[in-house]
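This report concerns only the one structure given below.
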Amino acid sequence: MHIHARAIRYFDMIRRCGSIREAARHLHVASSAINRQLLQLEDQIGSPLFERLSTGLKLTAAGEIFARHVITVLQDECRLGAELELLRGVHRGSVHVAAVEGLNADLIPAVLTQMHELHPGVQVHVRTCGSQQAAQAVIQGEADVAMGFSIQPHEHLHPYATGRFALGAIVPPLHPLAQFARVNFAQCAAYPLILPTPHLSMHALLQPLIMRHRRALQVWLETSSLELAKTMVESGTGLFFQTRLGLARELRERRLVHLPLKSPALLAPELGIYVRAGRSLCPALDAFNRIASAAIDRRQKEEVALLHKEQACRLD
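My numbering applies: residue 105 is where the sequence shown begins, and numbers increase by one.
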């Protein structure tokens with residue numbers, strides 16, 4: 105469905121591409137036609153929407169304001185189309201998700217499976233990226249929903265649902281630390297470490313612990329890949345830090361052990377589902393968010409129960 109002026113669509117594509125030529129290539133329209141629409145739009149608004157730089161086009165202050173309006177308009181158009189289809193008995197639509205890698209092993213597959221069972225006509229697009237990149241994708245209108253850890257509050261982000269999950273050290277079952285219910289950072293620092301790069305939200309969470317330690321660390325690997333880190337931990341070459349999310353299979357098969365970290369401050373990063381503030385949710389997006397939020401709530405309750413059970417077993 106395309107019910108709004110083409111100038112709005114042309115503007116949005118220029119914003120995304122940073123170039124009239126690239127926008128024309130994506131839209132399969134002549135560059136001159138797009139430039140003409142942009143000039144008419146700027147004339148109607150009474151202000152330039154882009155700065156013409158040697159490196160490309162950059163939004164002006166007026167352009168930033170207009171961009172927020174355009175994103176809302178285009179997202180509402182998607183919602184309108186989905187709601188009209190529902191009136192005709194057609195259950196279709198699409199959802200664009202930006203999510204962190206750690207959710208790909210278990211949480212997102214479970215959400216997608218349920219989504220497909222309940223709404224088989226809805227197409228889901230999943231993009232893997234860092235937490236802050238996921239948030240920016242929603243703010244910029246490039247994704248409908250972001251799923252990530254420790255996402256900073258933003259005026260254009262609305263938290264649909266959140267849950268907290270304990271950060272812990274992961275080690276093989278035969279590691280000397282595996283006998284403990286919880287460990288502190290000093291205990292972990294006695295062994296070779298695998299640390300997350302700044303790309304991962306865990307990096308910022310660990311920095312206060314590292315700074316307080318004040319001793320040389322045996323860091324033999326830094327990585328932004330959770331899969332690589334898990335593989336190396338399983339091989340016995342070092343220990344890594346993450347939440348239980350993404351470890352379901354390894355913990356169930358007893359290939360890894362998760363040891364919550366003891367620290368002065370609670371180390372339980374917040375996993376959130378975020379949408380763009382002020383937008384109306386189309387039926388497909390609302391359905392996805394409901395399923396995802398229920399899955400997070402269920403995992404959070406399971407973790408609390410499991411922690412209590414593990415602590416009781418170790419005390420015995």
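In this text, a Cβ means the ideal position worked out from N, Cα and C, and glycines have one as well.
Inter-segment contact for the region 358–375 and the region 284–292 is present: three or more beta-carbon pairs are separated by less than 8 Å. If you look at Arg-120, you'll find it in the alpha helix (DSSP H) that goes 110–121. Taking every protein chain shown into account, the CB of Thr-347 has 16 or more other CB atoms within 10 angstroms, so this residue is buried. For Leu-278, the closest alpha carbon among the candidates Arg-359, Arg-110, His-173 and Glu-181 is that of Arg-359. Here Ala-239 is not near Arg-231, since their CB atoms are 8 Å or more apart. Residue state for Glu-221 is assigned as helix, using DSSP reduced to three classes. Following the DSSP letters along the chain, one finds Glu-126 in no beta strand (DSSP E) but inside the alpha helix (DSSP H) bounded by residues 124–131. For the options Ile-377, Ala-308, Ala-171 and Val-204, the alpha carbon positioned closest to that of Cys-233 is the one of Val-204. In this structure Val-337 does not touch Pro-300 by the C-beta definition: roughly 13 Å separates them, more than the 8 Å allowed. Counted as a single uninterrupted DSSP element, the alpha helix (DSSP H) harbouring Ile-149 occupies residues 135–149. Every alpha helix (DSSP H) stretch that sits fully inside the region 286–334 and reaches 4 residues is listed by chain position as 289–292 and 305–317. Judged by beta-carbon spacing, Gly-160 lies beyond the 8 Å limit of Ser-136, meaning their Cβ atoms are not closer than that value. Around Ala-293, the same chain offers His-317, Arg-319, Leu-321 and Gln-322 as residues with beta carbons nearer than 8 Å, after the five sequence neighbours per side are excluded. Around the beta carbon of Gln-141, 16 or more other beta carbons lie within 10 angstroms, which makes this residue buried. In the three-state scheme derived from DSSP, where H, G and I count as helix and E and B as strand, Val-204 is classed as coil.
Between Cys-121 and the set Lys-162, Asp-147 and Gln-148, the nearest pair of CA atoms involves Lys-162. If you look at Glu-374, you'll find it in the beta strand (DSSP E) that goes 374–380. Membership of Arg-231 in the beta strand (DSSP E) is indicated by the continuous run 226–232. Contact holds between the region 168–184 and the region 381–394, because three or more Cβ pairs, one in each stretch, are under 8 Å apart.
Here the alpha carbon of Val-226 sits roughly 8 Å from the alpha carbon of Met-219.
Taking a 10 Å sphere around the C-beta of Val-408, we find fewer than 16 other C-beta atoms and assign the residue as exposed. Rounded to the nearest angstrom, the gap between the Cα atoms of Ile-138 and Val-201 is 29 Å. Distance from Leu-309 to Leu-371 at the Cβ level is roughly 6 Å; contact confirmed, criterion being Cβ atoms closer than 8 Å. Of Glu-146, His-173, Ala-399 and Ala-391, the smallest CA-CA separation from Arg-268 is found for Ala-399.
For Gln-346, the enclosing beta strand (DSSP E) covers residues 344–346.
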